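Enquirer:
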Amino acid sequence: MTRAGTALRLVAPKVLQFAFVVWATYTVTFLLVRVLPGDPVLAALAVQSGDATTVDPEQLAALREQAGLDGSLLEQYLAQLGALLTGDLGTSLATGRTVVDMIAGVVPGSLAVAGLALVIGVLTSVVLAFLASIAPWRWLRDLLVQLPPLGVAVPAFVTGLILISVFSFSLGLLPASGSRSGDSVILPAVTLAFPVGAIFFQVFITAIREAEASGYVFTAEAKGLGRAAVFGRHVLRNALLPSVTSIGLLIGYLAGGTAVVETVFSREGIGRLVVSAVLARDVSVIQGVIIVVAVVYALAALLVDLSYPLIDPRLRPGKAAPKPAAPSTFSIAPEADALTSSTTDPQNGAAK
Amino acid sequence: MSDNILEVSDLQVRYRVGRRRIEAVRGIDLTVPRGGIVALVGESGSGKSSVSQALIRRLAGNGEIAAGRAVFDGQDLLQLPMKRMRAIRGGSIGFVPQDPNSSLNPTLRIGEQLVEGLRLHLKLGREEAAQRAVRILGDVGLSHPEARARQYPHELSGGMKQRVLIGMAWSCEPQLVIADEPTSALDVTVQRLVLDQMQQLAADRGTAVLMVTHDLGVAADRAEQVVVMRHGQVVDAGPTAAVLHAPTHEYTRDLVAAAPGLNSVRLTASAAPVATEASHPILEIRELRKTFTLRRPGAAPEPFTAVDGVSLAVPAGRTVALVGESGSGKTTTARMAARIETPDSGSVLLDGQDVTTLRGEALRQLRRDVQVVYQNPFGSLDPRMSVAQIIAEPLRAFGLGGRREQLTEARRLLDAVQLAEGLADRRPAELSGGQRQRVAIARALALSPKLLVLDEPVSALDVSVQQQVLQLLVDLQAERGVGYLFITHDFGVVRQIADEVVVMRQGRVVEQGPAERLLSAPEHEYTRALLEAVPGTAAR
Amino acid sequence: MTKLLRPTTLVSILVVLLCVVMAFAPQLIAPGDPLAGTPRDRLLPPSAEHLFGTDSLGRDVFTRVVHGAWLSLAAATLAVGIGGLVGGAIGLLCGAARGRVGTAIDFVVMRFVDVLIAVPGILLALIVVATLGFGPWSIALGVGLGAAGSFARIMRAQVLRVRGEEYVEAAAVLGVRPLGVLGRHILPNAARPVLAMAALELGTAVLSVSAISFLGFGVAPPAPEWGSLVSAGRDYIATSWWLTVLPGAVIVGVVLAVTRLARVIGESR
């Protein structure tokens, strides 16, 4: 009973937070679309018909209804919220298809690129960080540490275009565009891997530096452990926690990065979907994509949050140090304190 | 085969800061006889920690050994290739690091951290090493060692962690153990137990010990020989009794005189105290209670009673010392007395007036009569303000006088705490710990309060500076007739400044009474244990 | 002072100064007309006469890049300004109110801030652009909203940290009124790391702004803007690399310089 109880107490608030963020995203996008000046339906119609002068009022009203932009603000809000809870993200103003349909069609492509980019980026930075820490020469370490900021400073569209220029046009090795062939994923993924890896590297190397400066690393070295052992058993495990946290940040970054990369490489994906939706002033699609992206991010953040107790023993429930003056009788005998904190149930004190 | 396990000659250590080189150790000599215990004593900045780190060749990143020899069992440690050095570290020379709270890997179990060294140096198999680790935990006095081995560092108290570190240092049967301030972070009773343990281990196994400490009392109790360092040089060295009772160097003499454990006597004011009408106590607290809610991840919130029915009184112009170890509730009690916290029940009377439930503006007005001096000289001053602004802030808060008058008053207060007027425009970062604490005292006195609550005001200071600040407090009390509620864990300090003593433990008052009586003839067993645990008591 | 004289820092300062000149007085560096082009001179590689070559309409790319600095940099600066002020205010309110007025307000507001962080800056900017219309100022507002989220979080964290410092409690004990404590102790000490972050965000904002204008939502042609310059060169990438690489290099250089300076400022205080 207590096991399930503590698990619930740990998980419940975080799940609640997740639900709250999803609701808040919906509200924010809802407000953004309606509060900012400009009439999206009119604009969409204008884009479709080519000019903004002649507008059929009936058509306008029908479109408004379709986009959920009729009725009072509150009515719209509740109606759309209701639809959202049943998985209905509305209908596209431009294509007439349901937003869910459109998104589902392009998600696999984006996921492939984003996933591969994450893997490449994280693995490369781990290797780089390892080398930077183990390398015996100071100049090499300094050099390796200076490289990643470059990865962030170069915009993805520039990297992508350069990669195309080199690998597709000059060397003819990889395709420059399209989504059909398997290796069309490679160049886009590598393009995104640069900034992703760079961001992760900076967080990781900072965490490593902090761990290296700590007291327990001193103790480990004073015990006579070699560099590799100290790094592997002491530094790495403690540098993991802040690094895992940054993965949430990276997912957010990737979601935005796909817009640019898919445009550069002419791939079908969420990013391209949004770009064309903006061009067509198709607010339903934009809103739908944003909600989906926010949900994915919040889900990732939730999973990361839930993984903390697994990584860091200090965040696990229950045990804390016994109070320093805890012994009930003051004696000069070795500390006769309870196994677990004196205020918790002694029966539950079985060691793990 | 010499009699000495370690012979250090002309050791010099430097640190590179930007382009400059700062000399931390300027050529010291040191010997540790086989199986002997040597204390290396010095205040902050003396270079003593650098010596211990240099011996195992593990200085901070920007440190370097400039010269010298350190002959350990026939080999010069400072010339060995790192590979040989690693074999010696942990294997022949054990090291007990300073801060138990940050010296253990929080993500590894205790047993695993012990096993590391055992497998490396003694080449034990996994099973054997695990069993040996459990035995070591038992040897250092931990109860239920098998269970302890499977716990993580955060599940142990400071004293227990220090024992683990001691066990780790002794685990591979070294010939020498270097201990860097092994007990500074611990309560005095725990300190005594831990040092007893170390001494026992050393005696049983014939290990030599080089103990680095700032506490002369500890050196007096435990070491056979003492080496006194100051500004990177050895100032005095020899058998403990000789150095402490007949110091050759003036510095050592001052250090011995200032050491609270060794030599404390009630300080007297330089001038005659101002007469105060003693009709009622300036502070009276009755049956104060305070309960907090402990929240741990995944557990239901639990109530924790920090203060459980405490009563005491501070006579006008006198000092009451509130003594206890960590967790005793003394700090919470003092905070309630100063009305920073609101008691759950009970009453606080200031100068006869009940101030227990004051809030808002009325509470703010109370600040003119009660002020606080905090423990940490680094944290209680806003780093962005100048000294003059800091001292004048309470005057400004109550609109007392114009800008110029406030500055003049600030300078007057600087003078009263014996700080040079030139410091008025400096920032806290440019001052030493002792100077900052004087600024904090000046600030607290700006409104001429009737009562000062001082929370361990000298614990973070070097011993010689402590003495000066305490003398200053005594003088100021005589001048101004301010009452002091003085919180401390250090009985040496209590001896120097208290008129009355209140001993607390686990939220309750265990004993209270006039200082002279309580210190010489304590009635309660806990008070007696506290007094006996003060390092240096044995030597007095 | 010695830190200021390190070569990388000096170069960064020079680059930033150059940017300021490019933004406010582009004629001093590139006296030509960014909109005028001679079709005969189209797609020429970089040379002494045309430092960055010419584009498909024969316009000098270098002049276009220099004149395009204003829009790109102004939009980025505006974005950071909006983000910093709005986000900072929110963070300050949440941090200062937490505990005093209960934790509910803090919780709710911070969840909305979470949204601004959860939605990638580019997407947030896109929805603003879709509703308000294209152009650098919409982009600035959109990027600014995204930045506001990060600023709010950092400001709140700093305020909470400073509130836990002893000198803040000491100020209250000394009799300083709550607003006085906020204005004289909490704000100045909390703002410093936030300002350092603002400098870093400027670099990120330049990247975001140019990315969105690359996607086609920036200023309408023929006005020059860094992101749209790279986008325009896309079609000719096989033959005329200078159209994409050189404006891209300028963006990279500016971002690196700004980031470097931001770190130096952050470390020195």
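Protein chains in written order, with our numbering: chain A, 10 to 361; chain B, 3 to 542; chain C, 799 to 1067. We treat Cβ as the ideally placed atom computed from N, Cα and C, and that holds for glycine. Remember, it's a predicted structure, so these values are computed and weren't measured experimentally.
1. Report yes or no: is there a C-beta of chain A within less than 8 Å of the C-beta of residue 912/C?
2. When we look at the beta-carbon of residue 345/A and count the other beta-carbons within 10 Å, is it buried (16 or more) or exposed?
3. So is residue 806/C buried or exposed if we call it buried at 16+ other beta carbons inside 10 Å?
4. Can the beta-carbon of residue 501/B be found closer than 8 Å to that of residue 461/B?
5. Distance, Cα to Cα, residue 818/C vs residue 1062/C?
6. Where do the N-terminal and C-terminal ends of the alpha helix (DSSP H) with residue 976/C fall, by residue?
7. Considering only the alpha carbon of each residue, which of 215/B, 44/B, 108/B and 179/B lies closest to residue 157/B?
8. With a 10 Å radius around its C-beta and 16 neighbouring C-beta atoms as the bar for buried, classify residue 247/A as buried or exposed.
9. Can you tell me whether DSSP reads residue 35/B as helix, strand or coil?
10. Distance cutoff 8 Å, beta carbons only. Does residue 951/C sit that close to anything in chain A?
11. Can you check whether the CB of residue 301/A is closer than 8 Å to the CB of residue 112/A?
12. Residues in the segment 376–409 of chain B with C-beta within 7 Å of chain C's C-beta atoms, listed in sequence order?
13. In this structure, how does DSSP classify residue 1022/C when only helix, strand and coil are distinguished?
14. In chain order, what residues of the segment 162–190 of chain A put their CB closer than 8 Å to some CB of chain C?
15. According to a CB-to-CB cut-off of less than 7 Å, which residues of the segment 245–275 of chain A neighbour chain C?
16. Quick one: list the residues of chain C neighbouring residue 373/B, beta-carbon separation under 8 Å, in chain order.
17. For the beta strand (DSSP E) containing residue 17/B, list its first residue and its last residue.
18. Leaving out five residues on either side along the sequence, give the residues of the same chain with a beta carbon under 6 Å from the beta carbon of residue 1019/C.
19. Can you list, in chain order, the residues of its chain whose CB lies under 6 Å from that of residue 35/B, leaving out five sequence neighbours each side?
20. Can you tell me whether residue 404/B is buried or exposed? The criterion is at least 16 other CB atoms within 10 Å of its CB, across all chains shown.
21. Quick check: is the beta carbon of residue 23/A nearer than 8 Å to any beta carbon in chain B?
22. Please identify the residue among 28/A, 18/A, 16/A and 17/A whose C-alpha is closest to the C-alpha of residue 311/A.
23. Any idea if residue 84/B is buried or exposed, counting beta-carbon neighbours within 10 angstroms, 16 or more meaning buried?
24. Quick check: residue 91/B and residue 231/A, are their CB atoms within less than 8 Å of each other?
25. Please decide whether residue 357/A counts as near chain C, where near means a Cβ-Cβ distance under 8 Å.
26. Taking a cut of 7 Å between CB atoms, which residues from the segment 1028–1054 of chain C lie near chain A?
27. Return the Cβ separation of residue 177/A and residue 183/A in integer angstroms, given the expectation that the two are a contact with Cβ distance under 8 Å.
28. Going along the chain, which residues of its own chain have a beta-carbon closer than 8 Å to the beta-carbon of residue 913/C, five neighbours each way excluded?
29. Looking only at its own chain, which residues have a Cβ that is under 6 Å from the Cβ of residue 373/B, when we skip the five neighbours before and after it?
30. Please say whether residue 966/C and residue 957/C have beta carbons closer to each other than 8 Å?
31. When you compare each of 70/B, 63/B and 368/B to residue 227/A by their alpha carbons, which one comes out closest?
32. Just confirm the distance between the C-beta atoms of residue 933/C and residue 878/C, as a whole number of angstroms; I'd bet it's less than 8 Å.
33. At the 8 Å Cβ level, is residue 860/C part of the contact set with chain A, yes or no?
34. Give the straight-line distance between the Cα atoms of residue 54/B and residue 213/B, rounded to the nearest whole angstrom.
35. Here's a check: name, in chain order, each residue in its chain whose Cβ is nearer than 6 Å to the Cβ of residue 332/B, leaving out the five neighbours to either side.
36. Evaluate residue 291/A with the Cβ neighbour count: other Cβ atoms within 10 Å of its Cβ, from every protein chain shown; 16 or more gives buried, anything less gives exposed.
Expert: Reading from the atomic positions:
1. Yes, residue 912/C lies at the interface with chain A (some Cβ there is under 8 Å from its Cβ).
2. Note on residue 345/A: pLDDT 28, under 50, position unreliable in the model; the coordinate value appears next. Under this definition residue 345/A is an exposed residue.
3. Flag for residue 806/C reads exposed.
4. Contact flag unset, no.
5. In this structure, the alpha-carbon of residue 818/C lies about 19 Å from that of residue 1062/C.
6. First-last of the alpha helix (DSSP H) with residue 976/C: 976–979.
7. Nearest C-alpha to residue 157/B among 215/B, 44/B, 108/B and 179/B: 108/B.
8. Answer is buried; the Cβ neighbour count reaches 16.
9. Note: residue 35/B maps to strand in three-state DSSP.
10. So, not an interface residue.
11. Taking 8 Å as the Cβ cut-off, residue 112/A and residue 301/A qualify as a contacting pair.
12. Hits within the stretch, in order: 376, 378, 381, 382, 383, 384, 386, 395, 396, 399 and 400.
13. Three-state result, residue 1022/C: coil.
14. With the criterion set as a beta carbon lying under 8 Å from some beta carbon of chain C, the members of the segment 162–190 of chain A are 162, 163, 164, 165, 166, 167, 170, 171, 173, 174 and 178, in sequence order.
15. The residues in question are 261, 262, 264, 265, 268, 269 and 272.
16. 971 and 972, listed in chain order.
17. Counting along the chain, the beta strand (DSSP E) containing residue 17/B begins and ends at 6–19.
18. If the five residues before and after residue 1019/C are omitted, its C-beta is found closer than 6 Å to no C-beta atom of its own chain.
19. Excluding residues within five positions, the ones whose Cβ falls inside 6 Å are 5 and 6.
20. So residue 404/B counts as exposed.
21. Chain B, which has no Cβ nearer than 8 Å to the Cβ of residue 23/A, makes this no.
22. Cα-wise, what sits closest to residue 311/A is 28/A.
23. With fewer than 16 other beta carbons inside 10 angstroms of its own, residue 84/B counts as exposed.
24. Going by C-beta atoms, residue 91/B is nearer than 8 Å to residue 231/A.
25. Bear in mind that a pLDDT of 26 at residue 357/A, under 50, signals an unreliable position, so the model cannot answer this.
26. Residues 1028, 1032, 1035, 1036, 1039, 1042, 1043, 1046, 1049, 1050, 1053 and 1054.
27. Yes, they are in contact, since the Cβ atoms of residue 177/A and residue 183/A sit about 6 Å apart, within 8 Å.
28. So the list reads 947, once near-sequence residues are dropped.
29. Once the five neighbours on either side are set aside, the close Cβ partners of residue 373/B are 446, 451 and 454.
30. Taking 8 Å as the Cβ cut-off, residue 957/C and residue 966/C do not qualify as a contacting pair.
31. Considering only alpha carbons, the answer is 63/B.
32. The beta-carbon separation of residue 933/C and residue 878/C, rounded to 18 Å, does not stay under the 8 Å limit for a contact.
33. Not an interface residue.
34. For the pair residue 54/B and residue 213/B, the Cα-to-Cα distance works out to about 9 Å.
35. If we look at residue 332/B and ignore the five residues flanking it on each side, its Cβ neighbours are 324, 326, 489 and 506.
36. Under a 10 Å Cβ-count criterion, residue 291/A is classified as buried, with 16 or more other Cβ atoms of the shown protein chains found around its own Cβ.
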